[in-house]
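A.B. asks: Here the sequence shown is numbered in this note's numbering, starting from 653 and rising by one per residue.
Note that CB positions come from ideal geometry on N, CA and C, so glycine has one too.
Remember, predicted model here, so these are calculated numbers, not experimental data.
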Amino acid sequence: MSGPRDANCCALVEPSPPLEVGDRKSAPAHERRLVNRPRSLVHGVSVTVVGNVAYTGAQFVMLVALARLSDVEEVGRYGLALGITAPVFILVSMQLRQVQVTEEATSHQPQVIFMLRAVSSILAAAVCITIGLALSLPSSTFAILMATVAFKIVEAQIDVYYSIFQRQELMSDIARSQLWRAVGGSAAFGAVTWLTAGAAWAIVALTAFSVVVLVSVARGVGRLGTAPTLMWNLQEMRRLVVLTAPLGMAVAVGAFATNVPRYALGWEGGVTAVGTFSVVAYALVATGIVAGAAAEAALPRMSSLARARSMDRLVRIAVRFSLCGLFFGLLCSSVTAIVGEWLLATVFGTEYVAGSTALVILMTAGTVQYGYLFIGAALYAMRIFSVQLPASLVGLAVTIGGCLWLVPISGVTGAAWAILMSQAAQFVIYLWLFKSRISSGPFAHI
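#1: My output table needs one value for Pro790: the three-state DSSP class, helix, strand or coil.
#2: Could you please give the first and the last residue of the uninterrupted alpha helix (DSSP H) stretch that includes Gly842?
#3: What are the uninterrupted segments assigned as alpha helix (DSSP H) that are 4 or more residues long and contained completely in the region 960-986, given in chain order?
#4: When the distance is taken between beta carbons, is Gly1028 closer than 8 Å to Ser1008?
#5: Report yes if the CB atom of Met714 is closer than 8 Å to the CB atom of Ser868, and no otherwise.
#6: DSSP three-state call for Asp811: helix, strand or coil?
#7: Thinking Gly1054 and Trp1069 are a contact (beta carbons under 8 Å), I'd like their distance in whole angstroms, please.
#8: To which residues of the same chain is Ala738 closer than 7 Å at the C-beta, ignoring the five residues directly before and after it?
#9: Please give the ranges of any beta strand (DSSP E) in the region 874-946, keeping only runs that are unbroken, at least 3 residues long and fully inside the region.
#10: Residue range of the alpha helix (DSSP H) that Gly735 falls in?
#11: Cβ atoms of Ala958 and Ala1033: under 8 Å apart, would you say?
#12: Report the residue from Val923, Ser788 and Gly836 whose alpha carbon sits nearest the alpha carbon of Tyr707.
#13: Can you tell me the Cα-Cα spacing of Ile781 and Met889, whole angstroms?
#14: When the distance is taken between beta carbons, is Glu726 closer than 8 Å to Leu734?
#15: The alpha helix (DSSP H) with Phe1000 in it runs from where to where?
#16: To which residues of the same chain is Arg720 closer than 8 Å at the C-beta, ignoring the five residues directly before and after it?
#17: Helix, strand or coil: how does DSSP classify Arg1089 here?
#18: Could you tell me whether the Cβ atoms of Leu1045 and Phe1086 are closer together than 8 Å?
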């Protein structure tokens, strides 16, 4: 990887190869738009981070509004609803967005992917409702669960439409949509929370606004030449499920592992402990979305390099972004160590200060996670969808063991330690998987 220094040697990323579309005059309008559009990875990362930061900030505002206008128990009920719905919807989503983005060609028609996402979302809703009934949740908690299920269905459809923009590296279109969702969604949620002092109707209002966004995104996809319609093709849907099942299971296991502390705290300390953990854990979610935005924007470029067998460049991008992720995590950890207690008291209320130690531990776990996040993106780019599951299973096992051991002793702080141990184990596994993959088979030349 050494060589003469040039103008790009110190850049974060390298310039992309030119887009080849053939005859520009005969190309469709959306393809001519891509030919004339400079595809800077730095620009893509920048606008994606802006969009994700805005959307994450809106979620933060909604959480603060709920914490300030209701009580810890209501926040706990909301956190429990998210803990039930998130793993289920992630499992049935099967990471179709990543598959659509990394395809070499449109071998899977987008309309079939839209249909599969719609069917899987209905299945996820049925599973979540069944879980709520099986757990005999109180009516107040079950109402929040139902509202959250409705929101997740709409959000899942928006996500798969975003894949059309992302595949063509139109990250600005996604960012604009996220800004619109951030402003309108937080306003709707906050206003209804103020009126009702509860989460259920606030989530209903958020869902209603998200439907408006979904219609807007579907129209945008239509302008790119992809009809935002559904197509039933059972054979093609079956092929997609077989392709994406390992990746979907891996991500779902990771989401389940993230929510294991909520289940353990709910069993040991009730919804109050879940509420405290949900507040402090949001810092990990928020910073993770920022780091994930960078990986999301880099994925199309990594995929192009993988298809072109430019694996040395792909590895350099993955390593550079991983180092940036570690630096970002260390910066966030330092800030929370210095002002975390003050932030919790000022923003959420003094009843959440007890989670200040857990906040620092969770941000340390985030630092570890951001170190391997871009390695995972590189594996996605190489269309290696099966190796992530072992890492996720190990992370889940460590989280469960850590919670069983530490939550009865230290409560919220013990749950944070379990998350940190899980992330450390996955960091080691991802490094080993990545090294073994690029050192064997078609990537052995690196």
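C.D. replies: Let me lay it out:
#1: Reading the sequence shown from its first residue, position 138 is the one you call residue 790. Three-state result, Pro790: coil.
#2: What you label residue 842 is simply residue 190 of the sequence shown in a count that begins at 1. First-last of the alpha helix (DSSP H) with Gly842: Met823 to Thr848.
#3: none
#4: Position 356 of the sequence shown, counting from 1, holds the residue named residue 1008. Position 376 of the sequence shown, counting from 1, holds the residue named residue 1028. Not closer than 8 Å, so no.
#5: The residue labelled residue 714 in the question sits at position 62 within the sequence shown. The residue labelled residue 868 in the question sits at position 216 within the sequence shown. Against a cut-off of 8 Å, the Cβ pair of Ser868 and Met714 comes out as no contact.
#6: The residue labelled residue 811 in the question sits at position 159 within the sequence shown. Helix at Asp811.
#7: To locate residue 1054, count along the sequence shown from 1; it is residue 402. To locate residue 1069, count along the sequence shown from 1; it is residue 417. At roughly 6 Å, the Cβ-Cβ gap stays under 8 Å, so Gly1054 and Trp1069 are in contact.
#8: Residue mapping note: residue 738 aligns to position 86 of the sequence shown, counting from 1. If we look at Ala738 and ignore the five residues flanking it on each side, its Cβ neighbours are Ala907 and Asn911.
#9: none
#10: Walking along the sequence shown from the start, residue 735 turns up at place 83. The continuous alpha helix (DSSP H) containing Gly735 extends over residues Val724 to Ser745.
#11: Reading the sequence shown from its first residue, position 381 is the one you call residue 1033. Reading the sequence shown from its first residue, position 306 is the one you call residue 958. Contact flag set, yes.
#12: What you label residue 707 is simply residue 55 of the sequence shown in a count that begins at 1. Comparing alpha carbon positions, the residue from Val923, Ser788 and Gly836 closest to Tyr707 is Gly836.
#13: Taking the sequence shown and counting its residues from 1, one reaches residue 781 at position 129. Taking the sequence shown and counting its residues from 1, one reaches residue 889 at position 237. Each residue's alpha carbon lies about 25 Å from the other.
#14: Start at 1 with the first residue of the sequence shown, and residue 734 comes out as number 82. Start at 1 with the first residue of the sequence shown, and residue 726 comes out as number 74. Going by beta carbons, Leu734 and Glu726 fall outside the 8 Å limit.
#15: As a working note, residue 1000 is residue 348 in the sequence shown. Element bounds for Phe1000: n/a, residue is neither H nor E.
#16: For the purposes of this step, residue 720 is taken as the residue at position 68 of the sequence shown. So the qualifying residues of the chain are Phe1000 and Gly1001.
#17: If you number the sequence shown from 1, residue 1089 lands on position 437. Residue state, collapsed to three classes: helix.
#18: Residue numbering aside, residue 1045 sits at position 393 when the sequence shown is read from its first letter. Residue numbering aside, residue 1086 sits at position 434 when the sequence shown is read from its first letter. No, the Cβ-Cβ distance between Leu1045 and Phe1086 is not below 8 Å.
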